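In the working numbering, the protein residues as written are 16 to 290. What follows is a short report on a single structure.
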């Protein structure tokens with residue numbers, strides 16, 4: 016009986032020990048230590064250590080109200096004034112941005128410097144938690160991903176260890192982005208978005224560098240399983256706006272929607288377009 020009970024018991028490996036990264040509110044005067052190769056853990060952890068004036072590392076979250084009447088986005092940053100867009104005089108390299116839309120279409124966008132810096136605790140692939148400053152502004156993700164409707168992934172593939180990550184992308188309702196060169200020096204313009212279309216979850220990005228080369232990335236999930244994750248067989252084009260957008264002409268940067276075309280192979284097909 017005892018042997019039978021033991022044989023039928025599932026033995027789980029111990030959970031990986033969390034790692035703790037301290038992000039000071041001051042910029043580093045020198046080169047940043049940066050991770051560009053994936054590992055078997057820490058997908059959502061700190062990627063830029065010792066952030067300098069041109070580096071950026073951020074965690075993005077958004078949510079949309081029922082019927083798309085209102086929306087909100089929260090971004091936790093560790094960045095230099097030249098690394099990414101936003102205020103350059105916050106007084107701290109650690110900051111929080113809160114933006115969104117009220118039901119009456121009023122927009123809001125506010126930045127908060129975090130004078131105390133941050134402690135980021137990461138465990139496994141999907142768990143990170145940051146405590147930002149004396150106000151204890153925090154964010155957390157469940158380590159078991161029990162409330163996610165799409166698995167974690169990189170811009171051009173699902174999650175695997177020992178991959179080189181070279182493409183900037185925003186992924187879904189939560190993404191993780193980082194770099195050490197000023198983004199505005201490398202990227203002319205980009206559109207990205209995410210949507211639920213019938214049984215499909217779709218994420219897309221199209222961006223242009225200053226040489227006019229287009230960089231694409233996309234992700235499609237059905238029933239919790241990845242059916243497309245890549246950088247080639249996807250095209251996203253704005254509706255009601257120019258492609259590419261024209262510098263100085265704001266109306267060319269505000270599409271009414273997107274037409275997204277994805278090659279899912281002969282057995283599946285999906286199309287999402289505004290009406």
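Where is the CB? At the ideal position from N, CA and C, for every residue including glycine. It should be emphasised that the depicted structure is a prediction, and the values quoted were computed from it without experimental measurement.
* **Which residues DSSP lists as bridging residue 272, in chain order** => Per DSSP, 254.
* Which whole-angstrom value describes the C-beta separation of residue 293 and residue 95, a residue pair presumed to lie in contact below a C-beta threshold of 8 Å? -> Coverage of the chain is limited to positions 16 through 290, which leaves residue 293 absent and any answer about it impossible.
* Asked: Can you give the Cα-Cα distance for residue 110 and residue 208, rounded to whole angstroms?
  -> So the alpha carbons of these two residues sit roughly 24 Å apart.
* Asked: Can you tell which of 228, 134, 217 and 224 has the C-alpha that lies nearest to the C-alpha of residue 238?
  -> If we check each option's Cα against that of residue 238, 217 comes out closest.
* Asked: Under 8 Å, do residue 134 and residue 35 count as touching if we go by C-beta distance?
  -> Residue 35 is positioned such that its CB atom lies closer than 8 Å to that of residue 134.
* Reduced DSSP secondary structure (H/G/I, E/B, other) of residue 196 -> Coil.
* Asked: By DSSP, does residue 379 sit in helix, in strand, or in coil?
  -> Residue 379 lies beyond the residue range present for the chain, which begins at 16 and ends at 290; the question has no answer from this structure.
* Contacts around residue 68, its chain only, beta-carbon distance under 8 Å, and the 5 residues preceding and following it disregarded -> Correct list, in chain order: 42, 95, 96, 97 and 98.
* **Distance between residue 117 and residue 79 (C-alpha atoms, nearest Å)** => Rounded to whole angstroms, residue 79 to residue 117 spans 10 Å at the Cα level.
* Return the chain-ordered list of same chain residues with a C-beta closer than 6 Å to the C-beta of residue 11, the five sequence neighbours on each side being excluded. => Residue 11 is absent from the structure shown; the chain starts at 16 and stops at 290.
* Can you list, in chain order, the residues of its chain whose CB lies under 6 Å from that of residue 211, leaving out five sequence neighbours each side? -> Close CB contacts of residue 211 within its chain, under the 6 Å cut and outside five residues either way in sequence, are absent.
* Kindly indicate which residue of 50, 52 and 65 has the alpha-carbon position closest to the one of residue 44. => The shortest CA-to-CA distance from residue 44 to any of 50, 52 and 65 is the one to 65.
* Asked: residue 236: beta carbon under 7 Å from a heavy atom of the ligand NAP?
  -> The ligand NAP is absent from the structure shown, which contains no ligands of any kind.
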